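One structure below.
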Amino acid sequence: MNLILIGIIIANVLISYKGFSDLMFFRKYEFHVGSIRSGEQVRMVSSGFLHVDMMHLIFNMLTLYFFAPTVIEYLGNFSFILVYFGSLIFGSLLTMVFHKNDYSYRAVGASGAVTGILYSAILLHPDKDIYLYFFIGIPGYVFGILYLLYSIYGMKAKNDNIGHTAHFGGAVGGYLITLLREPSLITDHSLMTILLAIPIVILFVMAKMDKL
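Using my numbering, the first residue of the sequence shown is number 1369, and each one after it goes up by one.
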């Protein structure tokens, strides 16, 4: 198992565990719009290493564990780090764009970074099946499109506590950084590259039309 991947997982576990038992620590480093707008930009990154509970942490780390090796194999260690942290920041930035006037908005979790790795892996190997509930297999590109369309619905509906905006921002980050690091994908997987871009275009059209 890759040492960088192990390091990221350990960092998430240790920081999240600290947050589970130390509310002041948790509040100091969570994503909080009001605090970020007052100058505490470190929260844009630190919030990506905190989780609400053990199940939230386990789900994100398992997803990272399963999909990170594809990104590392195709792009190497440096690009893996770039995709991970770039996606984390993309998720935080998009969240700020959509919630900039909601000063009480709070969020935590590695979901943006992990979704970026997931989307990067799908882009690099779009025909690889993803198994839902461990036995329902669907092509990676189909999962990617459906996942982002669901995230758009969640952003619009605002009927749960899931950070759909961070998921979407992370996916956008993973998509763009992967294409920048491996531009040959545009010609080698041109149809898939276009299909995976459709939900991204839909999001920004809806935002432009003030439909979110």
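For every residue, glycine included, the Cβ atom is placed at its ideal position computed from N, Cα and C. Predicted model, so just to flag it, every value in this text is computed and none were measured.
Cβ neighbours of residue i in the same chain (closer than 8 Å, five flanking residues each side left out)
{"i": "G1477", "result": "S1415, G1416, L1418, H1419, V1420, H1424, N1428, G1531, A1534"}
{"i": "D1497", "result": "G1505, I1506, P1507, G1508"}
{"i": "N1445", "result": "N1370, I1372"}
Beta-bridge partners of residue i, as assigned by DSSP
{"i": "Y1499", "result": "G1505"}
{"i": "F1399", "result": "A1475"}
Assumed close pair residue i, residue j - CB separation to whole angstroms, cut-off 8 Å
{"i": "I1457", "j": "V1413", "result": "7 Å"}
{"i": "G1512", "j": "Y1487", "result": "6 Å"}
{"i": "I1570", "j": "T1561", "result": "Not really, about 16 Å apart at Cβ, beyond 8 Å."}
Assigned exposure category for residue i - 16 Cβ within 10 Å defines buried
{"i": "R1395", "result": "exposed"}
{"i": "S1558", "result": "exposed"}
{"i": "T1463", "result": "buried"}
{"i": "V1573", "result": "exposed"}
{"i": "V1451", "result": "buried"}
{"i": "T1438", "result": "buried"}
{"i": "L1564", "result": "buried"}
{"i": "R1411", "result": "buried"}
Limits of the alpha helix (DSSP H) - the one that residue i falls within
{"i": "A1539", "result": "1532-1549"}
{"i": "Y1442", "result": "1422-1443"}
{"i": "K1468", "result": "Unbroken run through K1468: none, as it is neither H nor E."}
{"i": "M1577", "result": "M1577 -> no alpha helix (DSSP H), and no H or E assigned at all."}
{"i": "M1412", "result": "1411-1414"}
Cβ-based neighbour list, residue i, same chain, cut-off 6 Å, excluding 5 preceding and 5 following
{"i": "L1443", "result": "R1549"}
{"i": "G1541", "result": "G1454, S1455, F1458, G1484"}
{"i": "A1489", "result": "F1435, T1438, V1439"}
{"i": "S1384", "result": "L1418, H1419, L1425"}
{"i": "S1519", "result": "H1532, H1535, F1536"}
Close-in-space but distant-in-sequence residues of the same chain around residue i (CB under 7 Å, 5 per side omitted)
{"i": "A1539", "result": "T1483, G1484, Y1487, L1516"}
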